[in-house]
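Some notes on the structure that comes next.
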Amino acid sequence: MTKILHRVPVSLAERSYEILIGQGLLQQAGALIEPHLKRSFVAIVTDENVAKYHLKNLEAALTAKNIAFKSIILPAGESTKSYKYLAELCDGLLAAGVERRDCVIALGGGVIGDLTGFAASILRRGVNFIQIPTSLLAMVDSSVGGKTGINSPLGKNLIGAFHQPIMVLADLDLLTTLPQRQRAAGYAEIAKYGLLGDASFFDWLDKNLEAVVRGGNDISATAHAVRMSCEMKARIVAEDETETGVRALLNLGHTFGHALEAACGFSDRLLHGEAVSIGMVQAFKFSEQQGLCAKDLSIKVSKHLQRAKLPVHATEISGSLPPPKELLELMRQDKKALAGKLTFILAKNIGETFIAKNVEDGAVLSFLQEDLK
């Protein structure tokens with residue numbers, strides 16, 4: 000049964016859209032999408048893992064509304080966010096007959112959403128796209144806000160564009176096929192919203208963590224967590240769409256985390272949410288070291304994330320890591336860096352973070368040397 004539990008608006012003038020959060024939305028995707036189409040045709044982009052579970056249901060929903068489609072299936076994994084697959088996808092969409100007034104559907108997690116959104120932003124100088132996220136991380140983060148892109152060997156998400164979707168369908172039923180490791184990784188991004196700007200939400204998560212991470216028949220906790228996360232991101236994006244100011248707060252833990260992802264070759268060795276988990280703990284530890292917040296906060300954050308079965312220290316990553324100096328160099332590729340100086344999101348308290356510019360290399364290097372022991 001289709002049930003829309005929450006509608007979250009993303010207010011961006013003529014680029015405004017809604018995030019629909021509910022159950023059974025994929026089965027009714029044709030009816031929900033049809034009003035947004037200029038002609039009865041879409042292209043679907045997904046990956047091999049998602050296709051096994053959800054592609055036929057989406058295709059059936061489109062067929063029920065006489066919407067023609069072409070489906071493109073890509074390999075699963077972070078390595079698909081690359082020049083190679085961007086070129087392959089763009090050529091595939093053109094071969095499928097996608098025109099400028101058409102729409103592309105991203106059916107998948109953050110990798111498919113980011114790659115498809117970027118392809119849509121440059122194909123014929125811009126075509127519409129719709130996000131149907133299939134992972135918890137994508138529902139609360141990457142599907143919302145219009146950040147699209149691919150990775151470079153030099154760093155994560157360094158090639159991309161801001162290109163807003165015209166709709167997001169967050170069908171909570173799709174999470175039932177999500178591996179537990181992936182669900183926990185998505186939870187890291189949910190915890191981020193409480194840590195960066197809403198202490199009361201973090202307190203709620205502390206009481207309801209298991210219900211959100213485990214899932215189960217009662218989806219009320221997950222629905223609330225997804226709604227709260229999307230509402231916070233929507234407010235920040237509406238205020239600062241292209242990240243010239245406050246939107247950078249959404250990168251709590253990401254400067255540290257992205258460097259670790261790059262060091263792991265953007266592989267399943269370290270999932271994005273796992274990197275963010277470690278990075279958020281590092282951000283609180285570094286804030287403590289700089290005298291910005293109370294000494295026990297990083298312990299509180301660590302214990303919370305450990306309950307979700309997330310890594311909280313770089314030493315938990317399998318295999319060897321580069322020395323601190325090399326990690327520091329990877330951080331220089333961070334998108335927030337200005338005039339060669341590092342920018343971090345640091346903490347004064349749980350729910351109270353700020354953008355710290357011109358952070359000295361020496362302070363970061365000293366911290367890494369100690370933290371990576």
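According to this note's numbering, the sequence shown is numbered sequentially starting from 0.
Cβ coordinates follow ideal geometry from the N, Cα and C atoms, glycine included.
Remember, predicted model here, so these are calculated numbers, not experimental data.
Going by beta carbons, Q163 and G185 fall outside the 8 Å limit. If the five residues before and after L73 are omitted, its C-beta is found closer than 8 Å to the C-beta atoms of V44, T45, D46, E47, T79, Y84, E87, L88, I111, L114, all from its own chain and listed in chain order. In this structure, A190 is the residue among K51, G21, A190 with its C-alpha nearest to the C-alpha of G278. Residue range 2-9 is occupied by the beta strand (DSSP E) that includes H5.
For A362, the enclosing alpha helix (DSSP H) covers residues 360-370. C-alpha of I20 to C-alpha of V167: approximately 8 Å in a straight line. Rounded to the nearest angstrom, the Cβ distance from I165 to I129 is 6 Å, consistent with a contact under 8 Å. In this structure, the beta-carbon distance from V211 to A198 does not fall below 8 Å. Within the model, the alpha-carbon separation for G290 versus K64 is close to 59 Å. Straight-line spacing of the CA atoms in G272 and A12 works out to 31 Å. Three or more beta-carbon pairs separated by less than 8 Å link the region 193-209 to the region 243-256, which places the two stretches in contact. Residues of the same chain with a CB within less than 6 Å of the CB of T1, apart from the 5 flanking positions on each side, are G23, Q27 in chain order. When Cβ pairs closer than 8 Å are counted between the two stretches, the region 337-346 is seen to touch the region 354-372, the count reaching three or more. In the three-state reduction of the DSSP assignment, Q179 falls in the helix class. Distance from the CA of K372 to the CA of A220, rounded to the nearest whole angstrom, comes to 38 Å.
Per DSSP, reduced to three states, the secondary structure at Q22 is strand.
Per DSSP, the unbroken beta strand (DSSP E) holding S70 starts and ends at 67-73. Taking each of D370, W203, A261 in turn and checking the Cα distance to P323, the smallest one comes out for D370. Counting only residues of its own chain and dropping the five nearest sequence neighbours on each side, K284 has a CB closer than 7 Å to the CB of S297, D370. If you draw a straight line from the Cα of D172 to the Cα of S365, it comes to about 46 Å.
When the Cα atoms are used, E351 and I235 turn out to be separated by approximately 15 Å. Straight through space, the alpha carbons of L93 and V49 are spaced by roughly 23 Å.
For A346, the secondary structure class from DSSP, reduced to helix, strand or coil, is strand. For P8, the number of other beta carbons within 10 angstroms of its own is below 16, and it is reported as exposed.
One alpha carbon belongs to A160, the other to L309, and they sit about 30 Å apart. Per DSSP, the continuous alpha helix (DSSP H) segment holding S297 begins and ends at 296-306. The Cβ atoms of G318 and A282 lie no closer than 8 Å to each other.
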